[in-house]
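S.K.:
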Amino acid sequence: MRFIDEAKIKIMAGNGGPGCVSFRREKFIPRGGPDGGDGGKGGSVIFESTSNLATLQDFRFKRSYQAENGQHGSGKNKAGRDGEDITVYVPVGTIIKNQSNGDILFDFTDNGQKWVAVKGGRGGKGNTHFVTSVFQAPKFAQPGEEGQTRELQLELKLLADASLIGYPNAGKSTLISRMSAAHPKIADYPFTTLTPNLGVVKVADFKSFVVADIPGLIEGAHQGLGLGHKFLKHIERTKITVHLLDGTHLLDFTTMPDEEAGASVNKGAQELHRLYLAIRKELELFNPELADKDEVIVINKSDLFLGQPQFLNDVKIEFRKLLEKGPKKISRELLPKEPLSISCASGEGVHDLINVLWERLST
Ligand SMILES: Nc1nc2c(ncn2[C@@H]2O[C@H](COP(=O)(O)OP(=O)(O)OP(=O)(O)O)[C@@H](O)[C@H]2O)c(=O)[nH]1
Ligand SMILES: [Mg+2]
-3 MRFIDEAKIK
7 IMAGNGGPGC
17 VSFRREKFIP
27 RGGPDGGDGG
37 KGGSVIFEST
47 SNLATLQDFR
57 FKRSYQAENG
67 QHGSGKNKAG
77 RDGEDITVYV
87 PVGTIIKNQS
97 NGDILFDFTD
107 NGQKWVAVKG
117 GRGGKGNTHF
127 VTSVFQAPKF
137 AQPGEEGQTR
147 ELQLELKLLA
157 DASLIGYPNA
167 GKSTLISRMS
177 AAHPKIADYP
187 FTTLTPNLGV
197 VKVADFKSFV
207 VADIPGLIEG
217 AHQGLGLGHK
227 FLKHIERTKI
237 TVHLLDGTHL
247 LDFTTMPDEE
257 AGASVNKGAQ
267 ELHRLYLAIR
277 KELELFNPEL
287 ADKDEVIVIN
297 KSDLFLGQPQ
307 FLNDVKIEFR
317 KLLEKGPKKI
327 SRELLPKEPL
337 SISCASGEGV
347 HDLINVLWER
357 LST
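Each residue of the sequence shown is one higher than the one before, starting from -3 at the first, in the numbering used here.
Here it is as structure tokens:
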């Protein structure tokens, strides 16, 4: 199923029913007065957020929503029935914009929020309302007011606390499946994940956070390479990013002869740093605020270095030095342990990562 995160729809409130022109006609009452009832009110279109929905998929099939018109008023002062309101359900995280100018009209951040998007027209008044001392038999009534119409743009931004970003194949989907009950597709080819996945990470009783597995990014994503970078909008609202680096990229440097051990560590660290900066660049090009977000840098697939644990440790130290030297923006206070290393295959380090994230999210 495709992850639908944008939709354009038209909504129309019901028109008010027209007021009625009528006169009492009863036996033995030759000139009964006016008795035309009022028209009913038109139905409104109301949006309501629900956590039972996760996508805007439904709006692909149904693009216009029309609430019922109010009924005509009738004789004997009978008011017309009001048109029924309709409720349109949207997932939590939906932003509703005016299609023509992009203005934000409503932002659904919680379950069960309601917003009346278009109001039904008022019913017209029946001719009884128009009697005056000099005008006893009005032969007109008020028409119903027209219901409002609006063209809207719906956008869904995932509401997660943390997001997993990185190159394809880094192991983001494997990590979310380790941390939460989510079961996204995992495979050894790039761009397995096409749409973000959400998972709830349980830290302890009553302590949990939501993590989003974001499709893989590559250099040039801002020019449309790979899957492009449009889905980065989903991380705009997350508090922290987990930048996952693929330990596989270090393998080329582990096979160097012993005497070059120091050089291979340096080269490995430089390569990781280069890849790290390339992804940071893509974040910045999408939205400079993304690059300023709190982030945890993590090297995955530590199991590949079981035979050479020292190599991985040394690379981490060198990598950290490069981070500290790097452009000002990223020379922030790193946790003493950072970059972390984990193995989603064996689970090593995953628990520590969860704790680090929880710590940072709760301060
Ligand atoms: N050896 C090893 N392999 C891993 C580890 N984590 C993930 N993999 C493998 O790496 C490959 C890619 O994993 P995914 O989780 O699909 O990677 P991804 O980052 O979600 O990739 P995209 O969805 O394409 O962006 C799969 O073959 C995984 O089995 C790990 O800790 N160790
Ligand atoms: Mg994936």
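Ideal Cβ placement from N, Cα and C applies to all residues, glycine included.
#1: With distances taken between CB atoms, is the gap from Gly357 to Lys235 smaller than 7 Å?
#2: Among the candidates Gly13, Leu286, Ser60 and Glu80, whose CA atom is the shortest distance from the CA of Ala3?
#3: Can we count Thr191 as close to ligand 2, meaning its CB is less than 6 Å from some heavy atom?
#4: Whole angstroms is fine: what's the gap from Leu281's alpha carbon to Phe315's?
#5: What distance in whole Å lies between the Cβ atoms of Ser45 and Val114, which are believed to be in contact at a cut-off of 8 Å?
#6: What do you reckon, is the C-beta of Asn94 under 6 Å from a heavy atom of ligand 1?
#7: Rounded to whole angstroms, what is the Cα-Cα separation between Phe149 and Val84?
#8: Tell me whether Thr188 counts as near ligand 4, meaning its Cβ is closer than 6 Å to at least one heavy atom of that ligand.
#9: Would you tell me roughly how many angstroms separate the C-alpha atoms of Glu334 and Gly162, rounded to the nearest one?
#10: I'd like the span of the alpha helix (DSSP H) that includes Tyr163, first residue to last.
#11: Note down the Cα distance separating Val196 from Phe205, rounded to an integer number of angstroms.
#12: Excluding sequence positions up to five away, which residues of its chain have a Cβ less than 7 Å from the Cβ of Leu371?
#13: Tell me the DSSP secondary structure of His239 in three-state form.
#14: Taking 6 Å as the cut-off, is the beta-carbon of Lys168 closer than that to any non-hydrogen atom of ligand 2?
#15: Checking the sheet assignment: what are the DSSP bridge partners for Gly195?
#16: State the CB to CB distance for the pair Gly76 and Gly33, rounded to an integer number of angstroms; the pair is presumed to be in contact (CB under 8 Å).
#17: With 16 other CB atoms within 10 Å as the buried threshold, where does Thr359 fall?
#18: In whole angstroms, what is the alpha-carbon distance linking Ala257 and Ser173?
#19: Give a yes or no on contact between the stretch 90 to 108 and the stretch 10 to 26, applying the rule of three or more CB pairs nearer than 8 Å.
#20: Count the other C-beta atoms from every protein chain shown that fall within 10 angstroms of the C-beta of Ser327, then say buried if there are 16 or more, exposed otherwise.
#21: Among Leu279, Lys312 and His125, which one has its Cα closest to the Cα of His230?
#22: Would the beta-carbon of Thr237 fall within 7 Å of that of Ser176?
M.R.: A quick look at the data gives this:
#1: Correcting the residue identity first, residue 357 is Leu in this sequence and not Gly. Cβ atoms of Leu357 and Lys235: closer than 7 Å.
#2: Ser60
#3: Within the chosen limit of 6 Å, ligand 2 does not reach the beta carbon of Thr191 with any heavy atom.
#4: 24 Å
#5: Not really, about 17 Å apart at Cβ, beyond 8 Å.
#6: no
#7: Before going on, a small fix: residue 149 reads as Gln here, not Phe. Straight-line Cα distance between these residues: approximately 14 Å.
#8: The model on display carries ligand 1 and ligand 2 but not ligand 4.
#9: Computed Cα separation, rounded: 17 Å.
#10: That residue, Tyr163, is in no alpha helix (DSSP H); it is neither H nor E in DSSP.
#11: 6 Å
#12: This structure does not reach residue 371, given that the chain is present from -3 up to 359, and the question cannot be answered.
#13: strand
#14: yes
#15: Val207
#16: 7 Å
#17: exposed
#18: Within the model, the alpha-carbon separation for Ala257 versus Ser173 is close to 35 Å.
#19: no
#20: A caution first: Ser327 carries a pLDDT of 44, below 50, which makes its placement in the model unreliable, though a value can still be read off. The residue in question, Ser327, is exposed, as its Cβ has fewer than 16 Cβ neighbours within 10 Å.
#21: Taking each of Leu279, Lys312 and His125 in turn and checking the Cα distance to His230, the smallest one comes out for Leu279.
#22: no
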